[in-house]
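Novice: Here my numbering = 1-based position in the sequence shown + 11.
The beta-carbon is built from N, C-alpha and C at its ideal position, and this holds for glycine as well.
Quick caveat, the model's predicted, so the values are computed rather than measured.
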Amino acid sequence: MNTTMLGNNPTLIVAGIFLAFVLLEITCSSFRQPSGTKRDVLIEVIGSGILVTVTFPLVMWLSGTILEQLLPNMKNALQGIPWILGFVLFLLLDDMTQYWWHRLTHRVPALYALHRAHHSAPYMSVRIVYRNNSFYYMLMPGIWLSGALIYLGLAPIYYVYLILKMTVIFAAHSSVAWDDKLYSIPALRPLVWILERTISTPSTHSAHHGLTADDGVTHYKGNFGNLLFLWDVVFGTAKITRRRPPSYGIEHLSPISWKEELFWPLVRSRRTAPTVNTKQKATQ
12 MNTTMLGNNP
22 TLIVAGIFLA
32 FVLLEITCSS
42 FRQPSGTKRD
52 VLIEVIGSGI
62 LVTVTFPLVM
72 WLSGTILEQL
82 LPNMKNALQG
92 IPWILGFVLF
102 LLLDDMTQYW
112 WHRLTHRVPA
122 LYALHRAHHS
132 APYMSVRIVY
142 RNNSFYYMLM
152 PGIWLSGALI
162 YLGLAPIYYV
172 YLILKMTVIF
182 AAHSSVAWDD
192 KLYSIPALRP
202 LVWILERTIS
212 TPSTHSAHHG
222 LTADDGVTHY
232 KGNFGNLLFL
242 WDVVFGTAKI
252 TRRRPPSYGI
262 EHLSPISWKE
272 ELFWPLVRSR
282 RTAPTVNTKQ
292 KATQ
């Protein structure tokens, strides 16, 4: 793979992949969700815009600047390591830590308030990939650690890793159930068995977004993986049914404004403290 070519414009490539999934959903008449509202559009557009234009660039800049002050002699120190080793470092320091961060946000009420917007959408779609509170990504350890690895000289590897990771994440959130096609081909059963235990798919990730565990599919106490579903398998939070929940969202959701979902704790309602889904908390 030509990492130099990919490294020149990783953002443009990721944006192109995102657009491809948007077009796929439009083609399948599933991009404009019937249960979506103007409020959902505001959360998705503003939340995504803040991440792409402010949070992500700021964290990357800050992580490099801090390390340059603390460890000036370590700049590009890992530049010569084998490509596969650098890729594994990103899997461990970015993807695995994101699994644990994601899992933690479902256990700690104050952190769940930063993640609530992602789950309040009553549908699955590539639209909701970046739908989170503006501080959710700022506090995510994996982005800071990725910035550190870039400072250490692994930028070309990160760009390939980022493109692969975002492709899987877009595909897992998509309303187009592409994995159903794979399940229906008998010759692919061994390969699909491995695939669905390795990366996130629409089936496994949609279960994490289901409305109620009573449907037998929803698993909001697990299926936290982003690129690798393997973390759920290894750490005991995996549930694979090859089915999708009949409905999505947060059970017993207390209404708050879109501004509070995006900007809590700067914007607060009269509620005394953020809470997680009652049943969700009880099952964790």
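Apart from the five residues on each side of it in sequence, which residues of its chain come closer than 7 Å, Cβ to Cβ, to Thr215?
Specialist: Counting only Cβ-Cβ distances below 7 Å, and skipping sequence neighbours, we find Glu207, Asn234, Phe240, Ile251.
Novice: Less than 8 Å between C-beta atoms, sequence neighbours within five positions excluded: which residues of the same chain meet that for Leu125?
Specialist: Excluding positions up to five away in sequence, the list reads Thr116, Asn143, Asn144, Phe146, Tyr147, Leu150, Trp275.
Novice: Based on the DSSP output, what are the partners of Ile210 in its beta bridges?
Specialist: According to DSSP, which records beta bridges pairwise, Ile210 is partnered with Leu239.
Novice: Would you report the Cα separation of Gly164 and Val171, rounded to the nearest angstrom?
Specialist: Going from the Cα of Gly164 to the Cα of Val171 covers about 14 Å.
Novice: Nearest to Leu161 by alpha carbon, out of Met177, Met71, Pro45, Phe181?
Specialist: First, the amino acid is wrong: residue 161 is Ile here, not Leu. Checking every option, the nearest Cα to that of Ile161 belongs to Met71.
Novice: Rounded to whole angstroms, what's the CA-CA distance from Leu62 to His129? Just pull it up for me.
Specialist: In a straight line, the C-alpha of Leu62 is about 13 Å away from that of His129.
Novice: How should Pro256 be labelled, buried or exposed, when 16 other C-beta atoms within 10 angstroms of its C-beta is the threshold for buried?
Specialist: With 16 or more other Cβ atoms within 10 Å, it is buried.
Novice: So, Val140 versus His184, is the Cβ gap smaller than 8 Å?
Specialist: Yes, they are a contact pair.
Novice: By Cβ distance below 7 Å, which residues in the same chain neighbour Asp105 in space, the five residues on each side in sequence not counted?
Specialist: Counting only Cβ-Cβ distances below 7 Å, and skipping sequence neighbours, we find Gly153, Leu156, Ser157.
Novice: Beta carbon of Glu262, beta carbon of Arg127: below 8 Å?
Specialist: Not in contact: Glu262 and Arg127 (Cβ atoms no closer than 8 Å).
Novice: In three-state DSSP terms, what is Gly247?
Specialist: In the structure shown, Gly247 sits in coil (DSSP, three-state: anything other than H, G, I, E or B).
Novice: Candidates Val245, Gln44, Ala182: which alpha carbon is nearest Val25's?
Specialist: Selected option, being the one with the closest Cα: Ala182.
Novice: Going straight from the alpha carbon of Pro201 to that of Ala249, what length do you get?
Specialist: Whole-angstrom Cα-Cα distance: 18 Å.
Novice: Checking the sheet assignment: what are the DSSP bridge partners for Gly260?
Specialist: Gly260 pairs with nothing; no bridge assigned.
Novice: So, helix, strand or coil for Gly91, using DSSP?
Specialist: Three-state DSSP puts Gly91 in coil, outside helix and strand.
Novice: With DSSP as the reference, label Gly164 as helix, strand or coil.
Specialist: Three-state DSSP puts Gly164 in a helix.
Novice: Can you tell which of Thr209, Ala188, Ile174, Trp204 has the C-alpha that lies nearest to the C-alpha of Phe42?
Specialist: Phe42 has its Cα closest to that of Ala188, out of Thr209, Ala188, Ile174, Trp204.
Novice: Classify Lys232 as buried or exposed, calling it buried when 16 or more other Cβ atoms lie within 10 Å of its own Cβ.
Specialist: Lys232 is buried by the Cβ-count criterion.
Novice: Roughly how many angstroms lie between the CA atoms of Ile28 and Thr178, to the nearest whole one?
Specialist: Ile28 and Thr178: Cα-Cα distance of roughly 7 Å.
Novice: Using the beta-carbon count (16 or more within 10 Å), is Gly58 buried or exposed?
Specialist: Flag for Gly58 reads buried.
Novice: In terms of DSSP beta bridges, what is Gly58 paired with?
Specialist: Its beta-bridge partners do not exist; DSSP assigns none.
Novice: Rounded to whole angstroms, what's the CA-CA distance from Val244 to Trp111? Just pull it up for me.
Specialist: Roughly 13 Å separates the two Cα atoms.
Novice: Would you identify the three-state DSSP class for Gly233, choosing helix, strand or coil?
Specialist: Residue state, collapsed to three classes: coil.
Novice: Please name the residue in Val137, Pro120, Leu173 whose C-alpha comes closest to that of Val33.
Specialist: Cα-wise, what sits closest to Val33 is Val137.
Novice: Just curious, the alpha helix (DSSP H) that Met71 is in, first and last residue?
Specialist: Note, Met71: alpha helix (DSSP H), 67-81.
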